[in-house]
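Comments concern the structure below.
There are 2 protein chains.
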Amino acid sequence: MIGDEERLLFANDAFYAAFASADIRAMQDLWADKHPVSVIHPGADIVVGRAEVLASWKAILRDDTGFDIEHRNPVARLLGETGIVLCRERVGTHHLIATNVFVRIVDNWRIAHHQSGPAPLQAKPKQEEQRPVH
Amino acid sequence: MIGDEERLLFANDAFYAAFASADIRAMQDLWADKHPVSVIHPGADIVVGRAEVLASWKAILRDDTGFDIEHRNPVARLLGETGIVLCRERVGTHHLIATNVFVRIVDNWRIAHHQSGPAPLQAKPKQEEQRPVH
Chain X
614 MIGDEERLLF ANDAFYAAFA SADIRAMQDL WADKHPVSVI HPGADIVVGR
664 AEVLASWKAI LRDDTGFDIE HRNPVARLLG ETGIVLCRER VGTHHLIATN
714 VFVRIVDNWR IAHHQSGPAP LQAKPKQEEQ RPVH
Chain E
614 MIGDEERLLF ANDAFYAAFA SADIRAMQDL WADKHPVSVI HPGADIVVGR
664 AEVLASWKAI LRDDTGFDIE HRNPVARLLG ETGIVLCRER VGTHHLIATN
714 VFVRIVDNWR IAHHQSGPAP LQAKPKQEEQ RPVH
């Protein structure tokens, strides 16, 4: 039987599949419609509200037949009716790292928040560079 | 009577107060101890697990009597037993933007996840720079 964590990771896969295929309709269906939603795209400001969040996706996906994105090493964190998936993203040559927050709707998970920002390089940084800004 | 959202913003304030005063004991008390916890510090990799998350804070706060951080414009998003606070951070001269996920423990909120990454400059970018990486 498929478990909560598997379903959560499946929803996360579906989010990146919609992204990669620039499928705005699938993206709409994946975002929660009965919970507050928000997004922080890389280097961009906070976007709050379903209409505003979907408009941000339309702007990103508007003239693409597809999007060169893949995600790696997803980690699922279950917090009851909410679930978080943390993963790495590669968008073209950019390496990013993301927090995706999902809410459970019966047996499905729908996304309520996404933040993505720069990831460290795969190579180990030097000792004096290991300490992050915070 | 104080509401859920006010309590959630209060917990977010407490998180930044612990950070600013480099109070590792307060930080320990603020992080959830019965839920999975994780953190993504700016430009750093995913850290999972309470011991690992607290060790990351100890490394950041270890030789500081205080930390030059302030947060601004917090926005609370209630998802039932989970709450998200989105806010801007200023750390020294760095401008960051954060997702803080909290879990409700009776009447309190404890932090379960934090991601912080670069914020856009306050000035409006030029037209061709407005589109984020994604």
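Chains as they are written, first to last, in the working numbering: chain X, 614 to 747; chain E, 614 to 747.
Note that beta-carbon positions come from the ideal geometry of N, C-alpha and C, so glycine has one too.
Proximal residues of chain B, C-beta to C-beta of residue i below 9 Å
i              : result
S651 (chain X) : Among the protein chains of the structure shown, namely X and E, there is no chain B.
Backbone CA spacing between residue i and residue j [nearest angstrom]
i              : j              : result
T678 (chain E) : P731 (chain X) : 29 Å
F680 (chain E) : I615 (chain X) : 45 Å
D617 (chain E) : N625 (chain E) : 12 Å
I673 (chain E) : R638 (chain X) : 42 Å
G662 (chain X) : A631 (chain X) : 20 Å
A635 (chain X) : Y629 (chain X) : 9 Å
A736 (chain E) : A657 (chain X) : Low confidence applies to A736 (chain E): its pLDDT is 48, below 50, so where it sits in the model is not reliable, and the reading given next is rough at best. Going from the Cα of A736 (chain E) to the Cα of A657 (chain X) covers about 12 Å.
E665 (chain X) : A711 (chain E) : 19 Å
V716 (chain X) : L734 (chain X) : 31 Å
W670 (chain X) : V660 (chain X) : 11 Å
V652 (chain X) : A668 (chain X) : 11 Å
E619 (chain X) : V688 (chain X) : 11 Å
Q641 (chain X) : A627 (chain X) : 12 Å
L699 (chain E) : R675 (chain X) : 26 Å
A633 (chain E) : H684 (chain E) : 10 Å
CB contact below 9 Å: residue i versus chain X
i              : result
F680 (chain E) : yes
L709 (chain E) : yes
D646 (chain E) : no
I659 (chain E) : yes
S634 (chain E) : no
A616 (chain E) : Reading off the sequence shown, one finds Gly at residue 616 (chain E), where the question assumed Ala. So no, G616 (chain E) is outside the interface.
V666 (chain E) : no
Whole-Å CB distance - residue i paired with residue j, under 8 Å assumed
i              : j              : result
R690 (chain E) : P649 (chain X) : 4 Å
V704 (chain E) : H747 (chain X) : 5 Å
H708 (chain X) : R701 (chain X) : 7 Å
V714 (chain E) : I697 (chain X) : 6 Å
T695 (chain E) : L692 (chain X) : 5 Å
Chain E contact for residue i (CB, 9 Å cutoff)
i              : result
I637 (chain X) : no
E702 (chain X) : yes
L643 (chain X) : no
E694 (chain X) : yes
V719 (chain X) : no
P733 (chain X) : yes
I724 (chain X) : no
H747 (chain X) : yes
H654 (chain X) : yes
F628 (chain X) : no
DSSP beta-bridge partners of residue i
i              : result
E702 (chain E) : E:H684, E:L709
W722 (chain X) : X:R717
L692 (chain E) : E:T695
V661 (chain E) : E:S651
Q728 (chain X) : X:I653, X:T712
W644 (chain E) : E:I724
Please confirm if the region 638-646 of chain E is in contact with the region 720-729 of chain E, defined as three or more CB-CB distances below 8 Å between the two stretches. Counting C-beta pairs with one atom in each stretch, the region 638-646 of chain E and the region 720-729 of chain E have three or more that are closer than 8 Å, which means they touch.
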